[in-house]
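Reading the sequence shown from the start, the letters are residues 17 to 237 in our numbering.
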Amino acid sequence: MRLVLFDLDNTLLSGDSDFEWAQFLIERGVLDREVYEARNQAFYDQYKAGTLDIHEFLDFQLKPLSRHTRTQLDSWHGQFMREKILPIINQKARDLVDRSLREADLVAIITATNSFVTMPIARAFGVEHLIATEPEQNGGEFTGKVDGTPCFREGKITRLEAWLKQRGVDWGGVKESWFYSDSLNDLPLLERVSNPVAVDPDPTLKAHAENSGWPIISLRN
Numbered sequence: 017m018r019l020v021l022f023d024l025d026n027t028l029l030s031g032d033s034d035f036e037w038a039q040f041l042i043e044r045g046v047l048d049r050e051v052y053e054a055r056n057q058a059f060y061d062q063y064k065a066g067t068l069d070i071h072e073f074l075d076f077q078l079k080p081l082s083r084h085t086r087t088q089l090d091s092w093h094g095q096f097m098r099e100k101i102l103p104i105i106n107q108k109a110r111d112l113v114d115r116s117l118r119e120a121d122l123v124a125i126i127t128a129t130n131s132f133v134t135m136p137i138a139r140a141f142g143v144e145h146l147i148a149t150e151p152e153q154n155g156g157e158f159t160g161k162v163d164g165t166p167c168f169r170e171g172k173i174t175r176l177e178a179w180l181k182q183r184g185v186d187w188g189g190v191k192e193s194w195f196y197s198d199s200l201n202d203l204p205l206l207e208r209v210s211n212p213v214a215v216d217p218d219p220t221l222k223a224h225a226e227n228s229g230w231p232i233i234s235l236r237n
């Protein structure tokens, strides 16, 4: 089996969907700018520095989902896709995904960002399989909590192995595997696959990739 995995934010996207979703809600007055904007930036800076407390961040990111109906959230997300996401999808990223879908046996996007934000983005790339942090739901509405293991750092490996097991696939049965990512936070999974690829990497990942002889590519136009 040939497995191809893609990180999403700052890899396939020329930006961060988690950060942009919070900014979108702030710009529309759904979230208070004074309260949320500085915290959103602080969490983003911590993520880039590799110091993010994922549970503290998820409390910040998922709580707003619980304050609005799913119908309202879906309506906002359609506008979010048009205004914030489609402009940061480059043709190089689309071409790479399309080629992988033709050549690989299994292709998935694997991301720390929650599935409410990212599922429509995966569909925009034509990718059926998404492994993401799952927001807890009750009766189709979000509770503001996380369901299961966050898909972050080592959690990506945990979630990936569980996802493969659901499909009757053992990691040992994966003949070749690729993972494309920009972030130092993805080093655990990058070191697990047979073909790690650094994509427009942050300085820490770039240095690690250079020292390890990993390919470094850019998907920016």
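Every residue, glycine too, gets a C-beta built ideally from N, C-alpha and C.
- Residue range 107-119 is occupied by the alpha helix (DSSP H) that includes R110.
- For K161, the uninterrupted beta strand (DSSP E) run begins and ends at 157-163, by DSSP.
- Here Y60 is near F35, since their CB atoms are less than 8 Å apart.
- Counting every other CB atom within 10 Å of its CB across the protein chains shown gives R49 a total below 16, marking it as exposed.
- Annotation: the continuous beta strand (DSSP E) that includes R18 extends over 18-22.
- In this structure, the beta-carbon distance from I137 to L235 does not fall below 8 Å.
- The beta carbon of T174 is closer than 6 Å to those of T165 in its chain, skipping five residues each way along the sequence.
- For I233, same chain residues with a beta-carbon under 7 Å away, outside a window of 5 residues either side, are V213, V215 in chain order.
- With 16 or more other Cβ atoms inside 10 Å of its own Cβ, N130 counts as buried.
- Residue range 70-78 is occupied by the alpha helix (DSSP H) that includes H71.
- Comparing alpha carbon positions, the residue from Q77, W230, R44, R169 closest to A58 is Q77.
- Within its own chain, no residue has a Cβ closer than 6 Å to the Cβ of D111 once the five positions on either side in sequence are excluded.
- In the three-state scheme derived from DSSP, where H, G and I count as helix and E and B as strand, W230 is classed as coil.
- In this structure, the CA atom of A109 is about 32 Å from the CA atom of E157.
- A residue is called buried when at least 16 other Cβ atoms come within 10 angstroms of its Cβ; K172 meets this threshold and is buried.
- In terms of CA proximity to A120, F22 leads the group F22, P219, H84.
- A straight-line Cα-Cα distance of about 26 Å links R44 and I70.
- Looking at the DSSP output, L146 sits in a beta bridge with I125.
- Cβ neighbours of Q153 within its own chain (closer than 8 Å, five residues either side excluded): T159, D163.
- Restricting attention to alpha helix (DSSP H) runs no shorter than 4 residues, the region 23-52 encloses them at 33-43, ordered along the chain.
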